[in-house]
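Participant: Counting along the sequence shown from 1, when you hit position 153 you're at 153 in this note's numbering, and nothing is skipped either side.
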Amino acid sequence: MADNMLKLNDDKTDVIFFHSKHSKRTIHLPSLRMGNDVIPPSSSVRNLGVLFDSYLSMENHINLISRSCYNQLHIIGRICPSLNEEVTKSLVHSLVTSCLDYCNALLNGTSCSSIKRLQRVQNTAARIITRTRRYEHITPVLRDLHWLPIHRRIDYKLILHVFRILNDQSPSYMSDLVKRYCQLGHYGPKVIFLYSFLILKKSHMEIVLLVLQ
1 MADNMLKLND
11 DKTDVIFFHS
21 KHSKRTIHLP
31 SLRMGNDVIP
41 PSSSVRNLGV
51 LFDSYLSMEN
61 HINLISRSCY
71 NQLHIIGRIC
81 PSLNEEVTKS
91 LVHSLVTSCL
101 DYCNALLNGT
111 SCSSIKRLQR
121 VQNTAARIIT
131 RTRRYEHITP
141 VLRDLHWLPI
151 HRRIDYKLIL
161 HVFRILNDQS
171 PSYMSDLVKR
181 YCQLGHYGPK
191 VIFLYSFLIL
201 KKSHMEIVLL
211 VLQ
């Protein structure tokens, strides 16, 4: 840090221990001493605007996203009668959709109930833009807007990361996650790209492989 002329701020430093929610062992978490300050473990920390909890369930982050988006949608909804559809769409994209898409690859593997909460946010945004009533079916509206549902947006972000890695458009700390090997088959050699990433489950955490052929 000294080489980059940076200084660590003890007062703003947090420490967190990640562990399984279903672990039966009693975990004794020590405090961290930095300089003259003793930093106790936190249940959640923020990094680049993303909230991580000790179980990596991303529930705190989803709560933050939902609350922020609904606040913005409430404001947009109040002025919506004075706006046309294009202006409303621009506001939703800049204030809501950007929030839903920010670092959404980290939400891969979170519980279906959590993803549904974000989907309800997107549905509300679509209703405000198109003036669709609450009890009308929302799927055709999303299709007309050319909006992918939340779980597909997460998949798209992961695939986009892999595409950039394979085309040397990502930094080394991302490209190091990809391993390539050649597999012999009936129709000649076939190159398979394995991309390891963290997927979160309700009961445990596991590493899975995304295979692109």
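Glycine residues also receive a C-beta, built at the ideal position from the N, C-alpha and C atoms. Just so you know, these numbers come straight off a predicted model, no measurement behind them.
1. For residue 52, is the classification buried or exposed, using 16 other Cβ atoms within 10 angstroms of its Cβ as the cut-off for buried?
2. Give a yes or no on whether the C-beta atoms belonging to residue 289 and residue 95 are separated by under 9 Å.
3. Could you check what DSSP says for residue 192 in three-state terms: helix, strand or coil?
4. If I measure Cβ to Cβ from residue 149 and keep anything under 8 Å in the same chain, skipping five residues before and after, which residues do I get?
5. Taking Cβ to Cβ, would you say residue 70 is nearer than 9 Å to residue 124?
6. Below 9 Å between beta carbons: does that hold for residue 236 and residue 130?
7. Going by beta carbon distance, what residues of the same chain come within less than 7 Å of residue 59, once the five residues before and after it are set aside?
8. In whole angstroms, what separates the C-alpha of residue 104 from that of residue 61?
9. Does DSSP classify residue 16 as helix, strand or coil?
10. So, with DSSP's three-state summary, where would you put residue 174?
11. Just the Cα atoms here: how many angstroms apart are residue 217 and residue 36?
Facilitator: The answer reads as follows:
1. buried
2. Here the chain comprises residues numbered 1 to 213, so residue 289 is not present and cannot be evaluated.
3. For residue 192, the predicted structure reports a pLDDT of 47, less than 50, and the residue's modelled location is therefore unreliable. The matter cannot be settled from this model.
4. 119, 122, 142
5. yes
6. Because the chain here runs from 1 to 213, residue 236 falls outside it and cannot be looked at.
7. 53, 114
8. 10 Å
9. coil
10. helix
11. For the chain, the structure presents residues 1 to 213; residue 217 sits outside this window and is missing.
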